[in-house]
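The structure appears below as structure tokens.
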Amino acid sequence: MSNLEQITATLRTDTGLVRGHNEDFVSHWEPSNLDEETKNGWLYIVADGVGGADAGEVASELTTDRTIKHYLEHAEEADWGQRLLNAMQAANTELRQYVLERNDNSRMATTMVAVALRENHAYIANVGDSRGYLWRNGRIRQITKDQSLVAKLVEEGAITEEEAHFHPRRNVILYSLGSERSPKIDLFEETLETGDILFLCSDGLTRHVADEEIALVLSEDPPDKAASRLINKANDRGGEDNISVAVIRFEGETAVATETASVPRTQPLVMPAAMPANEDEVNRSALWVYTLALGLVQATLIFLVWLLLRV
Ligand code: CA
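Take -18 as the starting number for the sequence shown in our numbering and just add one per residue.
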């Protein structure tokens, strides 16, 4: 099963209306032939950097580039979820090394939500409070769990979701790439159906646009237009932070279709399938013997009649 020509994706990032520069970074890797697709599938990343001066944008871009590099270099890893986690962990180590070498006391870190697609299977890795969603038949569901202080407080029942939205410390994230040696990176897996959309975004979008609105826009427009509309919506409402989105539409075959398709391929290999052919051969031989015997009987009868008439 190949997804070439079956995936339509748009990634976009915008500075917003308040920040002086864009610390978000979006990137992807897509195969150009079947061999590349089999080896690496498809990879999409949204990262949201934090730190003073230029630190945030360096962190998000450097870790995204390194994650893609490490991911592509380790096609031998059979478990693609683990392969993605390893790539992000390696990028984390490299970012920390970079900060050490820069030696200017800068604090560099970044969130990251990354999706690796293999046939109809999606591996979603997340660190921080950027998000990954699954849109299916007009409805949207958040796949990732926000690694943020407010999400933890909501989980513990200390505050409500509504309060979390306006909480003064809503920007505090619990884990990020660059902040510690081995940050907690969550991994999720989804089996995709034809028409599904994987949607990634930074908190600059979700601060202004509700999940139901995202679902509606994804239902109405193709990826390219949906991405622009969502960014415009966030900017119309103040654009307080950098805004990034990735809309990945899957039009490949579903698992059910694959199983159905594989049935005719496996059948000829099954021995019982060859039996009707042998039976036919047996039947054909019997028919020949029968025809021959009938012909012989007929010839004998004709000979006997001829003999009787002569006598
Ligand atoms: Ca942000």
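Backbone N, C-alpha and C fix where the C-beta goes; we use that ideal spot for every residue, glycine too.
Here the structure is a predicted model, which means the values were calculated and not measured.
_Beta bridge counterpart(s) of S129 as assigned by DSSP_ = As a working mapping, residue 129 is identified with position 148 in the sequence shown. Per DSSP, I154.
*Once you ignore the five residues that flank L155 on each side, which residues in its own chain have a CB closer than 6 Å to its CB?*
The residue you call residue 155 lines up with position 174 of the sequence shown. Once the five neighbours on either side are set aside, the close Cβ partners of L155 are Q128.
*Contact shell at 6 Å, judged by CB to any heavy atom of ligand 1, ordered along the chain*: D29, S183, D184, G185, D222, N223
*How about L24 and A97: do their beta carbons lie closer than 8 Å?*
Walking along the sequence shown from the start, residue 24 turns up at place 43. Walking along the sequence shown from the start, residue 97 turns up at place 116. Contact: yes.
*Using DSSP with H/G/I as helix, E/B as strand and the rest coil, what is A139?*
Numbered from 1 along the sequence shown, position 158 holds the residue referred to as residue 139. Three-state DSSP puts A139 in coil, outside helix and strand.
*Are the CB atoms of M89 and G109 nearer to each other than 8 Å?*
Residue numbering aside, residue 89 sits at position 108 when the sequence shown is read from its first letter. Residue numbering aside, residue 109 sits at position 128 when the sequence shown is read from its first letter. The answer is no: Cβ separation not under 8 Å.
*Measure the alpha-carbon distance for P203 versus V80 and round it to whole angstroms.*
In the sequence shown, counting from the first residue as 1, residue 203 sits at position 222. In the sequence shown, counting from the first residue as 1, residue 80 sits at position 99. Computed Cα separation, rounded: 40 Å.
*asked:* Less than 8 Å between the beta carbons of I195 and G(-3), yes or no?
replied: Your numbering for residue 195 matches position 214 in the sequence shown. Your numbering for residue -3 matches position 16 in the sequence shown. No, they are not a contact pair.
*With a cut-off of 8 Å on the beta carbons, I'd call A106 and L66 a contact; round off their distance for me.*
Locating residue 106 in the sequence shown gives position 125, counting from the first residue. Locating residue 66 in the sequence shown gives position 85, counting from the first residue. The pair is a contact, with the Cβ atoms about 6 Å apart (cut-off 8 Å).
_Cα-Cα separation between T247 and D177, rounded to whole angstroms_ = Residue numbering aside, residue 247 sits at position 266 when the sequence shown is read from its first letter. Residue numbering aside, residue 177 sits at position 196 when the sequence shown is read from its first letter. Model confidence at T247 stands at a pLDDT of 28, short of 50, so the residue's coordinates are unreliable; what they give is reported in the following sentence. If I take the Cα positions, the gap works out to 29 Å.
*asked:* At the level of alpha carbons, what is the spacing between F6 and G113?
replied: Taking the sequence shown and counting its residues from 1, one reaches residue 6 at position 25. Taking the sequence shown and counting its residues from 1, one reaches residue 113 at position 132. Distance between the alpha carbons of F6 and G113 is about 15 Å.
*Are N73 and P164 touching if we call contact CB-CB under 8 Å?*
Residue 73 sits at position 92 when you count from the first residue of the sequence shown. Residue 164 sits at position 183 when you count from the first residue of the sequence shown. Result yes, Cβ atoms of N73 and P164 sit closer than 8 Å.
*Look at I212 and A(-10) and say whether their C-beta atoms are less than 8 Å apart.*
Taking the first residue of the sequence shown as 1, we reach residue 212 at position 231. Taking the first residue of the sequence shown as 1, we reach residue -10 at position 9. Not a contact, by the Cβ cut-off of 8 Å.
*Kindly provide the ranges of any beta strand (DSSP E) runs that are 3 or more residues long and lie completely inside the region 19 to 80, ordered along the chain.*
23 to 31
_Beta-carbon proximity list for L130, same chain, < 7 Å, skipping 5 on both sides_ = Taking the sequence shown and counting its residues from 1, one reaches residue 130 at position 149. Counting only Cβ-Cβ distances below 7 Å, and skipping sequence neighbours, we find R150, V153, L155.
*Spatial distance of R99 from H9 (CA atoms)*: What you label residue 99 is simply residue 118 of the sequence shown in a count that begins at 1. What you label residue 9 is simply residue 28 of the sequence shown in a count that begins at 1. Looking at the two C-alpha atoms, the distance is approximately 14 Å.
*asked:* By DSSP's criteria, T91 is part of a beta bridge. Which residues make up the other side?
replied: One-based indexing of the sequence shown puts residue 91 at position 110. DSSP lists G30, L158 as partners of T91.
*Measuring CA to CA, which of G1, G32, I(-12), N(-16) is closest to S87?*
On the sequence shown, residue 87 is found 106 positions in, with the first residue counted as 1. Comparing Cα-Cα distances from S87 to each of G1, G32, I(-12), N(-16), the minimum goes to G32.
*Would you tell me roughly how many angstroms separate the C-alpha atoms of I140 and E171, rounded to the nearest one?*
Translated into the one-based positions of the sequence shown, residue 140 becomes position 159. Translated into the one-based positions of the sequence shown, residue 171 becomes position 190. A straight line joining the alpha-carbon of I140 with that of E171 spans about 30 Å.
*What's the gap between the Cα of M(-18) and the Cα of E234?*
Working through the sequence shown from its first residue, we reach residue -18 at position 1. Working through the sequence shown from its first residue, we reach residue 234 at position 253. Rounded to the nearest angstrom, the two C-alpha atoms are 7 Å apart.
_Using a Cβ-Cβ cutoff of less than 7 Å, which residues in the same chain neighbour I124 once the five nearest sequence positions on both sides are dropped?_
The residue given as residue 124 occupies position 143 in the sequence shown. I105, G113, Y114, L115, F169, E171, listed in sequence order.
*Can you say whether V244 is buried or exposed, counting buried as having 16 or more other CB atoms within 10 angstroms of its CB?*
As a working note, residue 244 is residue 263 in the sequence shown. With a pLDDT of only 32 at V244, under 50, the local geometry of the prediction cannot be trusted, and the value read off the model is given with reservation. With fewer than 16 other CB atoms across the displayed protein chains lying within 10 angstroms of its CB, V244 is exposed.
*asked:* Helix, strand or coil for Q279? Go by DSSP, reduced to three states.
replied: Translated into the one-based positions of the sequence shown, residue 279 becomes position 298. Q279: helix per DSSP, three-state reduction.
*Out of S200, Q(-13), K50, state which residue places its alpha-carbon closest to the alpha-carbon of N118.*
Along the sequence shown, one-based indexing puts residue 118 at 137. N118 has its Cα closest to that of S200, out of S200, Q(-13), K50.
*Any idea which residues DSSP pairs G113 with across the strands?*
For this step, residue 113 is matched to residue 132 along the sequence shown. Beta-bridge pairing links G113 to L181.
*DSSP-derived helix/strand/coil call for D205*: Translated into the one-based positions of the sequence shown, residue 205 becomes position 224. DSSP places D205 in helix when its eight states are reduced to three.
*Which whole-angstrom value is the C-beta distance of V190 and A208, which I expect to be below 8 Å?*
For the purposes of this step, residue 190 is taken as residue 209 along the sequence shown, with counting starting at 1. For the purposes of this step, residue 208 is taken as residue 227 along the sequence shown, with counting starting at 1. Their Cβ separation, rounded to whole angstroms, is 12 Å, which puts V190 and A208 out of contact at 8 Å.
*asked:* With distance defined between alpha-carbon atoms, name the residue in G30, T19, L285, S111 nearest to N3.
replied: One-based indexing of the sequence shown puts residue 3 at position 22. Of the candidates G30, T19, L285, S111, the one whose C-alpha sits nearest the C-alpha of N3 is G30.
*With distances taken between CB atoms, is the gap from E75 to R120 smaller than 8 Å?*
To locate residue 75, count along the sequence shown from 1; it is residue 94. To locate residue 120, count along the sequence shown from 1; it is residue 139. Not in contact: E75 and R120 (Cβ atoms no closer than 8 Å).
*In chain order, what residues of the same chain lie with their CB nearer than 7 Å to the CB of R0, ignoring the 5 residues before and after it?*
The residue you call residue 0 lines up with position 19 of the sequence shown. So the qualifying residues of the chain are D222, N223.
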